[in-house]
Amino acid sequence: MLQIGNIQLPDFPLLLAPMEDVSDPPFRVVCKANGADLVFTEFISSEGLIRDAIRCRRKLDIFDEERPTGIQLFGGDEERLAMAAKIVDVTQPELLDINFGCPVKGIVAQGAGAGVLRDVDLMVRLTEACVKSTNLPVTVKTRLGWDDNTKNIEEVAERLQDVGIKALTIHGRTRCQLYKGEADWSLIAKIKNNPRIHIPIFGNGDINSPQKALEYKDRYGVDGIMIGRAVIGYPWLFREIRHYLQTGELLPAPTVVERVEVCKHQLRKSVQWKGPIAGIYSMRGHYLRYLKGLPGVKEFRTQLMTLTEPEAIMAVLDDILVRYEGFVMERTPIEMVNYHENCPL
Numbered sequence: 001m002l003q004i005g006n007i008q009l010p011d012f013p014l015l016l017a018p019m020e021d022v023s024d025p026p027f028r029v030v031c032k033a034n035g036a037d038l039v040f041t042e043f044i045s046s047e048g049l050i051r052d053a054i055r056c057r058r059k060l061d062i063f064d065e066e067r068p069t070g071i072q073l074f075g076g077d078e079e080r081l082a083m084a085a086k087i088v089d090v091t092q093p094e095l096l097d098i099n100f101g102c103p104v105k106g107i108v109a110q111g112a113g114a115g116v117l118r119d120v121d122l123m124v125r126l127t128e129a130c131v132k133s134t135n136l137p138v139t140v141k142t143r144l145g146w147d148d149n150t151k152n153i154e155e156v157a158e159r160l161q162d163v164g165i166k167a168l169t170i171h172g173r174t175r176c177q178l179y180k181g182e183a184d185w186s187l188i189a190k191i192k193n194n195p196r197i198h199i200p201i202f203g204n205g206d207i208n209s210p211q212k213a214l215e216y217k218d219r220y221g222v223d224g225i226m227i228g229r230a231v232i233g234y235p236w237l238f239r240e241i242r243h244y245l246q247t248g249e250l251l252p253a254p255t256v257v258e259r260v261e262v263c264k265h266q267l268r269k270s271v272q273w274k275g276p277i278a279g280i281y282s283m284r285g286h287y288l289r290y291l292k293g294l295p296g297v298k299e300f301r302t303q304l305m306t307l308t309e310p311e312a313i314m315a316v317l318d319d320i321l322v323r324y325e326g327f328v329m330e331r332t333p334i335e336m337v338n339y340h341e342n343c344p345l
């Protein structure tokens, strides 16, 4: 077993990455049901949380069936981040994670997210302030550095461990890469092999198949992997990876019934959490991905994107089951969602 504070996880845990507008409670529930060992919330602004912004407060919600769950904060001010950590402490997640990796311009401009990569001393102070302000285990998610000339992750890992973090997740790109190019895990492996490092090190970036998960596990020796873009619309990747690691066999692609049932489950949870209007609206970005590969599904997709009553949407999903009864889904490579594709540097 692997341990983060008092949290016990299986050997080589599979983590759901925090993704804005994706990793909400309904999506986390379906990922947990399909094999994720630890899930994280969308990132939450420390400033918004302190100001009692409704949207930020809502992000603290956790369903029991998704636990263990980590709440992720971002911010660039020590006092404000520490205050936000105290608020998170009261909500009783399993851990608190600090975002030092988000490359979005609006976040970086606040001196938060990946913007902190340019000031390691500030990163250490922010982390220490959180550690001292909460009883929760504190973890960090970050990147290799700001750009190719400032890959400071080795110094960062040691110093953050020294101030008390319990695990570190590293995305194998710099901030300036955004999500372009190939993630470089060689520095992640170097940190894992550093004799000074004793906390769990998780790798993140480009894992989109069971075969690649095993390859990276063996090649880089990390303690576990965090998966983000590849499971948007395909939460079954978690169970497929776990099965492949244990048996060396690939599971068949999820059936039409499985895809529709996950749609229904997430829709019910979304309506339960946000109400019928916002809950239905937030699901519209998921249908296309869940139903990808079904020939002639456009007419159904159009209905799913326009209907406003949960019962009517459920009826369309039932119609899909009837239309595609007996249809065998083929396994196709998972295409990485171009997350933040319009994000300017």
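Numbering follows UniProt numbering, in which position 331 of the sequence shown is assigned residue number 331; successive positions increment by one, without gaps. Backbone N, C-alpha and C fix where the C-beta goes; we use that ideal spot for every residue, glycine too. Source: prediction; values computed, not measured.
In this structure, Phe40 is the residue among Gly164, Phe12, Phe40 and Glu182 with its C-alpha nearest to the C-alpha of asparagine 99. Bridge pairing for aspartate 97: Gln72 and Thr139 [DSSP]. Shown here for methionine 19: same chain residues with a beta carbon closer than 8 Å to its own, the five before and five after excluded, namely Glu42, Gly228, Arg229, Ile232 and Tyr339 in chain order. Membership of histidine 198 in any alpha helix (DSSP H) is not indicated, and neither H nor E is assigned to it by DSSP. Under the three-state reduction of DSSP, isoleucine 334 is assigned to coil, being neither helix nor strand. Comparing alpha-carbon positions, the option among Trp146, Lys141 and Pro13 lying closest to alanine 157 turns out to be Lys141. By the criterion of a C-beta distance shorter than 8 Å, tyrosine 244 is surrounded in its chain by Pro210, Gln211, Ala213, Leu214, Leu250 and Leu251, once the five residues flanking it on both sides are discounted. Following the DSSP letters along the chain, one finds glutamate 42 inside the beta strand (DSSP E) bounded by residues 38-45. For the pair threonine 255 and glycine 293, the CB atoms are not nearer than the 8 Å cut-off. Around the Cβ of isoleucine 277, a 10 Å sphere holds fewer than 16 other Cβ atoms; the residue is exposed. Under the 10 Å beta carbon count, glutamate 240 is surrounded by 16 or more other beta carbons and is classified as buried. Under the criterion of beta carbons closer than 8 Å, isoleucine 201 and aspartate 223 qualify as touching, at roughly 6 Å.
Put simply, of Ile313, Val297 and Gly296 the residue whose alpha carbon is nearest the alpha carbon of leucine 304 is Ile313.
Classified as exposed, histidine 198 has fewer than 16 neighbouring CB atoms from the shown chains inside 10 Å of its CB. Judged by beta-carbon spacing, serine 282 lies beyond the 8 Å limit of lysine 269, meaning their Cβ atoms are not closer than that value. In this structure, the beta-carbon distance from cysteine 130 to alanine 114 does not fall below 8 Å. Asparagine 149 sits away from valine 120, with the two beta carbons spaced by 8 Å or more.
In the DSSP assignment, alanine 84 falls outside any beta strand (DSSP E) and within the unbroken alpha helix (DSSP H) covering 78-91. Here the alpha carbons of isoleucine 71 and proline 195 stand approximately 29 Å from one another. The C-beta distance from leucine 81 to valine 88 rounds to 10 Å, too long to fall under 8 Å, and the pair is not in contact. Between the beta-carbon of phenylalanine 327 and that of valine 316 there is about 17 Å, and that puts the pair past the 8 Å contact cut. Only residues of its own chain outside the window of five on either side were considered, and among them Ala253, Pro254, Thr255, Val256 and Gly293 have a CB closer than 7 Å to the CB of methionine 329, listed in chain order. Exposure of arginine 219 is indicated by the presence of fewer than 16 other C-beta atoms within 10 angstroms of its C-beta. Exposure of asparagine 135 is indicated by the presence of fewer than 16 other C-beta atoms within 10 angstroms of its C-beta.
Counting along the chain, the unbroken alpha helix (DSSP H) around glycine 279 starts and ends at 276-290.
The three-state reading of DSSP puts glycine 224 in strand, counting E and B together. Alanine 312 sits in a helix when the DSSP states are folded into three classes.
In the DSSP assignment, isoleucine 4 forms a beta bridge with Ile7.
Bounds of any alpha helix (DSSP H) do not take in alanine 167; it lies within the beta strand (DSSP E) bounded by 167-171.
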